[in-house]
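Residue numbers (this note's numbering): 185 to 523.
For each residue, glycine too, the CB sits at the ideal point set by N, CA and C.
Just below is one structure, and these are the notes that go with it.
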């Protein structure tokens, strides 16, 4: 069974004459699954099958279709801009061609009707506060881009930033950026690209379940400390280093304990934390290690939203080798106490 795909022109409309110029045939090829609905227009007027006008859509193998418009008894009144629109449940695309008798026949502009080569996808940025819709298309000349949410035009400004970035080979990278994203932004989104040769659109739906909404609110308002990597122990240059990673916003205060006694930095002991946004890397460094340094170590992280604890045990055999060096032996315990 063929995979469902939005309509896409693989051969733009072309025009030929038959019956000594008494019949004109418009022909194009597209791919789509399921089979698209086809509508032809002259200007803004929809065309229908009549004694003079015949429209056909013929399977061409796989998901391909030949799309044909025939006009018999051609007259000057048939001149104008013709457009074919193909639509199925996944999207819509259109292409245009001009019929100009005063120029001696067909007059078709060179270029490329808009064609999406990458359908819209979503991506989070700025610690979940920003949502981006991204897609790519080919077109020549450059297309006009319009974004819609639930059939209403999305205007540039405020929380919304719309970008169209030219790339190589008549390709454009399109972005709709939504800042301070929330549940109110859920809905059906559509991007439309249009130039003088045609029009195409692509759609994507944005859903939020209750878990996602809670996560987004937490990202926007802050986050209680949560360890995301269990503690590890390593040796470096005669020192022992205990490390772990957590997320938290605002930046938490860190307390290290050995056997439930607070460790005071200084002398042989160095503690530090490096932060990037909500991500924090903690470590405790011990120089000139002795047997008295063995025991249960805890890292306690606390901010205004809560507290979390990570635990690891350091054991010795003799005075040199570490038994706790195996990361799989480390244990993380969470304490979800809100303050």
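Outcome for residue i when other beta-carbon atoms lying within 10 angstroms are tallied against a minimum of 16
| i | result |
| --- | --- |
| residue 482 | buried |
| residue 307 | exposed |
| residue 233 | exposed |
| residue 204 | exposed |
| residue 305 | exposed |
| residue 341 | exposed |
| residue 335 | exposed |
| residue 379 | buried |
| residue 230 | exposed |
| residue 375 | buried |
| residue 253 | buried |
Through-space distance from residue j to residue i, alpha-carbon basis
| i | j | result |
| --- | --- | --- |
| residue 433 | residue 312 | 13 Å |
| residue 194 | residue 274 | 17 Å |
| residue 424 | residue 453 | 10 Å |
| residue 222 | residue 373 | 23 Å |
| residue 291 | residue 281 | Because residue 291 sits at a pLDDT of 46, beneath the cut-off of 50, its placement in the model cannot be relied upon, and the point is left open. |
| residue 431 | residue 444 | 23 Å |
| residue 276 | residue 237 | 24 Å |
| residue 418 | residue 467 | 11 Å |
| residue 278 | residue 261 | 23 Å |
| residue 387 | residue 228 | 24 Å |
| residue 415 | residue 347 | 42 Å |
| residue 271 | residue 366 | 31 Å |
| residue 377 | residue 349 | 13 Å |
| residue 369 | residue 338 | 11 Å |
| residue 189 | residue 490 | 47 Å |
| residue 429 | residue 413 | 5 Å |
| residue 226 | residue 267 | 7 Å |
| residue 426 | residue 469 | 6 Å |
| residue 384 | residue 493 | 53 Å |
C-beta atoms of residue i and residue j nearer than 8 Å
| i | j | result |
| --- | --- | --- |
| residue 359 | residue 317 | yes |
| residue 333 | residue 319 | no |
| residue 255 | residue 207 | yes |
| residue 344 | residue 321 | no |
| residue 251 | residue 283 | no |
| residue 409 | residue 449 | no |
| residue 455 | residue 484 | no |
| residue 249 | residue 297 | no |
| residue 362 | residue 314 | yes |
| residue 381 | residue 264 | no |
| residue 422 | residue 488 | no |
| residue 210 | residue 191 | no |
Boundaries of the beta strand (DSSP E) in which residue i is found, first to last residue
| i | result |
| --- | --- |
| residue 187 | Premise fails: residue 187 is in no beta strand (DSSP E) and is neither H nor E. |
| residue 222 | 221-226 |
| residue 275 | 275-284 |
| residue 351 | First-last for residue 351: undefined, no H or E at that position. |
| residue 317 | 314-324 |
| residue 307 | 296-309 |
| residue 236 | From DSSP, residue 236 is part of no beta strand (DSSP E); its letter is neither H nor E. |
| residue 415 | 407-420 |
| residue 499 | That residue, residue 499, is in no beta strand (DSSP E); it is neither H nor E in DSSP. |
| residue 269 | 264-272 |
| residue 429 | 423-433 |
| residue 524 | No statement about residue 524 is possible, as the shown extent of the chain runs from 185 to 523 and does not include it. |
| residue 372 | 371-379 |
| residue 473 | No beta strand (DSSP E) contains residue 473, which DSSP labels as neither H nor E. |
Segment contact, 8 Å Cβ cut-off, at least three pairs: the stretch 233-247 with the stretch 343-355: no
Inspect the CB distances between the stretch 490-501 and the stretch 467-482 and report whether three or more fall short of 8 Å. Yes: the two stretches touch, three or more of their Cβ pairs being nearer than 8 Å.
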